[in-house]
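For this note's numbering, add 521 to where a residue sits in the sequence shown, where the first one is 1. Where is the CB? At the ideal position from N, CA and C, for every residue including glycine. All remarks here apply to the structure that follows.
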Amino acid sequence: MSKPVIKQDPLYQLLRNEDIKGFNEQRDKLDTSELKSGDYRGRDLRNMDATGLDFSNSYFRNADLSGIDFRQTNLEGASLLDAKLSGTYFPAEISATEIRLSLDTGTRLRYDRKD
Numbered sequence: 522m523s524k525p526v527i528k529q530d531p532l533y534q535l536l537r538n539e540d541i542k543g544f545n546e547q548r549d550k551l552d553t554s555e556l557k558s559g560d561y562r563g564r565d566l567r568n569m570d571a572t573g574l575d576f577s578n579s580y581f582r583n584a585d586l587s588g589i590d591f592r593q594t595n596l597e598g599a600s601l602l603d604a605k606l607s608g609t610y611f612p613a614e615i616s617a618t619e620i621r622l623s624l625d626t627g628t629r630l631r632y633d634r635k636d
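Here it is as C-alpha cells:
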C-alpha cells in the first residue's frame, strides 16, 4: 500500500486546487487513473461528480465531502479522519461501522464483500 502523493496530473490538480466545476467539466475527457492514492486532505470537494472514479488508498483527512455520491466510487483503503460527511452516500459494501471507524480513527475503509 502506498502513501498519498502530490501528483502533477491535471485532474488531480483541479481537485487539489478545489476547482470542482473545472474537474466535473474535464473528468470525462481526461485520464482519471491518477486520482487513486491521492492526498486530498483539507480540501473542499463538495459537488464533485465521483461516479465511476477510483479513490482507493486516498487520504481525505479534514476534507469536506458533504453531499457527494460515492455509491459507484472505489473507496477501498481510503481514510476519512475528521472529514465532513453530511449527506454523503457511500457504497453499500462499506458498513456504517466501517465509515465511523475511519472517520474517528483514520483507519482505511474495507469493503464487506458477501460472496
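What does DSSP give as the partner residues of Y610 in its beta bridges? D590
Does the distance from the C-beta atom of S600 to that of G559 stay below 8 Å? In this structure, G559 does not lie closer than 8 Å to S600 by Cβ.
Please determine if the segment 586-595 and the segment 607-624 are in contact, where contact requires at least 3 C-beta pairs separated by less than 8 Å. yes
Express the C-alpha separation of R634 and D540 in angstroms, rounding to a whole number. 34 Å
Since I believe N538 is in contact with M569 (beta carbons under 8 Å), could you give me their beta-carbon distance rounded to a whole number of angstroms? At roughly 13 Å, the Cβ-Cβ gap does not stay under 8 Å, so M569 and N538 are not in contact.
Pick from L556, A584, I615, A617: whose alpha carbon is nearest that of R567? A584
Answer with buried or exposed for A571, where buried requires no fewer than 16 other C-beta atoms within 10 angstroms of its C-beta. buried
For G573, which residues of its own chain have a beta-carbon under 6 Å away from its beta-carbon, when the five flanking residues on both sides are left out? Taking G573 as the centre and dropping the five residues before and after it, the same chain places the C-beta of Q593 closer than 6 Å to its C-beta, in chain order.
CB contact flag (P531, L556, <8 Å): no
Neighbourhood of V526 by C-beta, 8 Å cutoff - its chain only, sequence neighbours within 5 removed: S558, G559, D560
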